[in-house]
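Quick note on numbering: the sequence shown equals residues 191 to 469 in the UniProt record's numbering. Just so it is clear, CB atoms sit at the ideal spot from N, CA and C, and this is done for glycine as well. Keep in mind that this is a model prediction, so the values were computed, not measured.
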Amino acid sequence: VQQIARERLVQEAQFEWRQQDTGLSLLSGIHLALQRDEFYLEYQPQFDSRTGALVGAEALMRWRHPALGVIPPTVFIREAENAGLIQALGQWALRETISAWKQLQELLDQPLRMAVNVSFPEIADPFYAQQVLGLLDQLGMPPQFLELELTETAMIRDTSVSLLNLRQLKAAGVHIVLDDFGTGFSSLSHLNDLPLTGIKLDRAFVSPLPDHGPQNHIVTTMLDLANRLQLETTAEGVEDIACLEEIRRLGCDRIQGYIYARPLALGELISQAKSGFPQ
Ligand code: C2E
Ligand code: CA
Ligand code: CA
Ligand code: CA
Numbered sequence: 191v192q193q194i195a196r197e198r199l200v201q202e203a204q205f206e207w208r209q210q211d212t213g214l215s216l217l218s219g220i221h222l223a224l225q226r227d228e229f230y231l232e233y234q235p236q237f238d239s240r241t242g243a244l245v246g247a248e249a250l251m252r253w254r255h256p257a258l259g260v261i262p263p264t265v266f267i268r269e270a271e272n273a274g275l276i277q278a279l280g281q282w283a284l285r286e287t288i289s290a291w292k293q294l295q296e297l298l299d300q301p302l303r304m305a306v307n308v309s310f311p312e313i314a315d316p317f318y319a320q321q322v323l324g325l326l327d328q329l330g331m332p333p334q335f336l337e338l339e340l341t342e343t344a345m346i347r348d349t350s351v352s353l354l355n356l357r358q359l360k361a362a363g364v365h366i367v368l369d370d371f372g373t374g375f376s377s378l379s380h381l382n383d384l385p386l387t388g389i390k391l392d393r394a395f396v397s398p399l400p401d402h403g404p405q406n407h408i409v410t411t412m413l414d415l416a417n418r419l420q421l422e423t424t425a426e427g428v429e430d431i432a433c434l435e436e437i438r439r440l441g442c443d444r445i446q447g448y449i450y451a452r453p454l455a456l457g458e459l460i461s462q463a464k465s466g467f468p469q
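Pasting the structure below:
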């Protein structure tokens, strides 16, 4: 029995060690990957729900790993946050998005609004707003064409520093959106406390529509509340025509989802924008 117990202890210790080891190699991997240019962005278009016009795009990060292939952000963003690397990644994504905006702006009649996902450690930096506004100014993109998407988990830990950053950015014209709205907790108090310009309904609420029961009531109520607070509304995860019709009927302002397009390489976005998305 003692022998078995000892073997198990050794096995557990080895397992833990291996876990730490893979954690560590993923982290040093992120650091190296930034230097080696292995990250890239895809852009998922957003449409005006009334006119069907292309109005914006959300930048979504991907990691082209030399051995593992394309790693989705759900796998590495948390690691990057914990390792203190998300600021560097975030700055990179912002520069990249601004450059994409400039390319799109030269080709399209209407400039798009580019949405970028932001993590809590980024807005907790006292110089964040200054850095973002500085970069926009330096690279020549007016603030009203930038939208920052923040999740509720990022907001729950709000501090005076992050609030000051968001107020400064909003005052300069940057759009501030509460992402994954309704999936976290204390959403309603956030609507009151934070300097928001809009909310984004998570696809967990949107994709099941049309639904003649609770889902429909929940979405209707969220949209009604946002309208009363004069917040712009975006629905993500619109996958089929029935869902699109329902979300339009309920009065959501902007639509994003596979029914129009998956996240696209910049080149694909440009060529589809020129030839016209299906309406
Ligand atoms: P999110 O902000 O909620 O992004 C929406 C996710 O839903 C994206 O997954 C997108 O590809 C997916 N999606 C969009 N439309 C549809 C649809 O119609 N059906 C389905 N089934 N899915 C759809 P993705 O690209 O894997 O991103 C996952 C999450 O990673 C994002 O969730 C966001 O929280 C985070 N993320 C992505 N890029 C960044 C970044 O640059 N910085 C930070 N901090 N987080 C990022
Ligand atoms: Ca988002
Ligand atoms: Ca979401
Ligand atoms: Ca509205």
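Can we count residue i as close to ligand 2, meaning its CB is less than 7 Å from some heavy atom?
{"i": "asparagine 382", "result": "no"}
{"i": "residue 498", "result": "Given a span of 191 to 469 for the chain in the structure shown, any question on residue 498 remains unanswerable."}
{"i": "aspartate 369", "result": "yes"}
{"i": "glutamate 248", "result": "yes"}
{"i": "glutamate 339", "result": "yes"}
Comparing alpha-carbon positions, which option in the options lies nearest residue i?
{"i": "alanine 361", "options": "Asp369, Pro333 and Arg418", "result": "Pro333"}
{"i": "lysine 464", "options": "Leu384, Gln295, Glu436 and Gln320", "result": "Gln295"}
{"i": "proline 301", "options": "Val260, Val351, Arg268 and Ala247", "result": "Ala247"}
{"i": "phenylalanine 467", "options": "Glu228, Thr241, His221 and Asp227", "result": "Thr241"}
{"i": "serine 379", "options": "Leu356, Leu231 and Leu415", "result": "Leu415"}
{"i": "isoleucine 261", "options": "Leu244, Thr387, Phe229 and Leu336", "result": "Phe229"}
{"i": "methionine 331", "options": "Thr411, Ile437 and Gln293", "result": "Gln293"}
{"i": "alanine 451", "options": "Asp299, Arg439 and Ile431", "result": "Ile431"}
{"i": "leucine 434", "options": "Ile449, Ser352 and Val306", "result": "Ile449"}
Taking all protein chains shown into account, decide if residue i is buried (16 or more other Cβ within 10 angstroms of its Cβ) or exposed.
{"i": "alanine 455", "result": "exposed"}
{"i": "glycine 280", "result": "buried"}
{"i": "leucine 459", "result": "buried"}
{"i": "alanine 243", "result": "exposed"}
{"i": "glutamine 236", "result": "buried"}
Can you tell me whether residue i sits near ligand 3, meaning its C-beta is under 7 Å from at least one heavy atom of the ligand?
{"i": "glutamate 269", "result": "no"}
{"i": "arginine 393", "result": "yes"}
{"i": "glutamate 312", "result": "no"}
{"i": "glutamate 426", "result": "yes"}
Report the partner residues of residue i according to the DSSP bridge assignment.
{"i": "glutamine 234", "result": "Glu248"}
{"i": "glutamate 337", "result": "Ala305 and His365"}
{"i": "histidine 255", "result": "Gly259"}
{"i": "phenylalanine 229", "result": "Trp253"}
{"i": "glutamate 422", "result": "Gly388"}
{"i": "arginine 444", "result": "Asp238 and Thr424"}
{"i": "leucine 454", "result": "Tyr233"}
Beta carbon of residue i: closer than 7 Å to some heavy atom of ligand 1?
{"i": "valine 445", "result": "For clarity, residue 445 is isoleucine in the given sequence; the question names valine instead. No."}
{"i": "threonine 241", "result": "no"}
{"i": "serine 309", "result": "yes"}
{"i": "threonine 423", "result": "no"}
{"i": "glutamine 234", "result": "yes"}
Exercise. Taking one C-beta from the stretch 394-411 and one from the stretch 377-386 each time, how about it: are there three or more such pairs within less than 8 Å?
Worked result: No: fewer than three Cβ pairs fall under 8 Å.
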